[in-house]
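Offset between the sequence shown (1-based) and my numbering: plus 10. Only one structure is covered here, and it is reproduced in the block below.
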Amino acid sequence: DYTKWDRKNYYYPDLPKNYQISQYDLPLAEHGHLDIPLSDGETKTIRILRAHLEEDAGKNIHDNPAHTCVDLNRAGVPLLEIVSEPDMNSVEEVMGYSRAMQRLVRWLGVSEANMQMGHMRFEPNINLHITRDGKTYKTPIIEVKNLNSFRALQNSVAFEIERQYTEWEADRDGFTLEKLGKQNRGYDETRAQTVYQREKEEAHDYRYLPDPDLAPVVVDEKWRNRISGEIGELPLGRRARYIKEYRLNFKDADALTQDAPSGDLFESAVKLGATPKRCANLLLGPGAAGANRQGGTIEEASPSNVQLFDLTSMMDNGEVNATAGEKIFTILSDTRDRTTPPRQIAQAEGLLAVKDIGRIEKWVDEAIAANPDTVGEIKAGGKKQKKAFGFLMGQVMQASKGAALPADVQKLLRQKLLG
């Protein structure tokens, strides 16, 4: 029911005081697991050995071949290290685990987990178990240090798998864990390969001892139960529910559960009456585009749940077409407007659907008159008919500035050109 702090002693330039505050035998948590999605739609359970708090070290910079610089800006900052069991057997599973972990810590509000900002990094341990003639060979365990992008993680693991197999093929009895042990390597993005750093120390090399300056942390059972009760539904569970309850496909349900606020916005709009599929399309279309432009989440780049419900209702009722609906969403997103009714935006921008068949017929007639070759291809049938019909539809929609309903345009074109 309590955890303590230990000093991990080592001499290295990135830690001038020569010890790191960490946790040795009583970590904050242990014996957990994380379920990861696989490409075939199944899940795999990855065991988690432990999670412990420690202080971050500095960073050595090797930009100049004549000397090494030490960046101590992050030294001493609290760091949560999560240690998984060796349950991943492919690059795909490594990437599935890393992305699932990023999603989970974002979902729980533990961290923004932006790897480019240094919020999160990975240090994979890689070795091969190769069976030949009834004998299993184990290659040396390589820890690749401080990977701060998914691309670096994927490429370094793939490179190590190939490198270790090649090394083992060249020296089957010498290139083994028993003879070479463990080592640390870095990843050189310029050369797209790992590079040797140093032999990896064992636990006894660090001479762990209790930190005399820091008191142990007593974990109150009531506090632990409260935190456990606040966790709620996790991403994989919510994704499965969206597929079953709202009939979303896997891709859409997965995208909407990348972070809790975006999923909450979707669900709150649907509970007001928004059509699930149309709501998802707006959030994952112009919503995702807005998030990319603004550098935030879908929820941050989207209108309110009430606006979202109103907009989907207008689209369902034919008051605006899909193109106009996306434009209204984008206007609300770019202006960060969470109060103006979508109908007001539609009126101001001239985006309300034109239901006057006479006006629509005028646009249709003008498009037919201006494109005789296209009309000929439609009437002739054959392979070009579908493409030509779509082009003429586009001309009418352009003339109406998106105000005509596609169903009305299609009906009139068919009547006039195909009988």
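We put the beta carbon where it would ideally sit given N, CA and C, even for glycine. Keep in mind the model is a prediction, meaning the values are calculated, not measured.
Cβ neighbours of Glu309 within its own chain (closer than 8 Å, five residues either side excluded): Asp269, Pro271, Ser272, Asp274, Leu275. DSSP, reduced to helix, strand and coil, places Leu59 within a strand of the structure shown. Listed in chain order, the non-local C-beta contacts of Gln405 below 6 Å within the same chain comprise Ala377, local neighbours out to five positions each way being set aside. Within the DSSP secondary-structure output, Val80 pairs in a beta bridge with Asn70. As the crow flies, the alpha-carbon of Arg17 is around 10 Å from that of Leu224. Taking a cut-off of 8 Å on C-beta distances, the stretch 243 to 258 does not touch the stretch 291 to 308, as fewer than three cross pairs fall below it. A direct Cα-Cα distance of roughly 17 Å separates Arg142 from Glu172. Each residue's CA atom was taken as its position, placing Ala263 and Asn74 some 47 Å apart.
Annotation for Ala39: the continuous beta strand (DSSP E) segment containing it runs 39 to 47.
Val115 and Leu244 have their alpha carbons spaced roughly 11 Å apart. Between Leu138 and Thr149, the CB-CB gap stays under 7 Å. Residue nearest to Trp373 within the set Asp418, Glu212, Tyr206 is Asp418 (criterion: CA-CA distance). A residue is called buried once 16 or more other Cβ atoms fall within 10 Å of its Cβ, and Tyr206, having fewer, is exposed.
Measuring C-alpha to C-alpha distances from Glu188 to each of Tyr147, Arg201, Pro226 identifies Tyr147 as the nearest.
For Ile308, there is no enclosing alpha helix (DSSP H), as DSSP gives it neither H nor E. Short of 6 Å from the beta carbon of Gly128, and not among the five residues preceding or following it, lies no beta carbon of its own chain. In the three-state reduction of the DSSP assignment, Glu209 falls in the strand class, which pools E and B.
Between His62 and Gln33, the CB-CB gap stays under 7 Å. With contacts defined as CB atoms closer than 7 Å, Pro134 and Val167 qualify as a contacting pair. Secondary structure note for Leu157: it is in no beta strand (DSSP E), with a DSSP letter that is neither H nor E. Beta-bridge partners assigned by DSSP to His139: Lys148. Cβ contact annotation for Gly42 (same chain, cutoff 8 Å, sequence separation greater than five): Arg57, Ile58, Ala61, in chain order. The C-beta of Trp233 has fewer than 16 other C-beta atoms within 10 Å across all chains shown, which makes the residue exposed.
Of the candidates Asp198, Ile151, Leu157, Ile151 places its Cα closest to the Cα of Gly191. Tyr21 and Asn70 have their alpha carbons spaced roughly 14 Å apart. The stretch 353 to 372 makes no contact with the stretch 386 to 403; the number of CB pairs closer than 8 Å stays below 3. Excluding residues up to 5 positions away in sequence, Asp66 lie with their Cβ nearer than 6 Å to the Cβ of Val87 in the same chain. In the three-state reduction of the DSSP assignment, Thr53 falls in the strand class.
In this chain, the alpha helix (DSSP H) harbouring Asp326 covers 315 to 326.
Listed as beta-bridge partners of Ala414 by DSSP are Val364. The C-beta distance from Leu318 to Leu292 rounds to 7 Å, short enough to fall under 8 Å.
The continuous alpha helix (DSSP H) containing Glu102 extends over residues 101 to 117. A Cβ-Cβ contact shorter than 7 Å links Leu157 with Arg131. The C-alpha of Ala334 lies about 35 Å from the C-alpha of Gln112.
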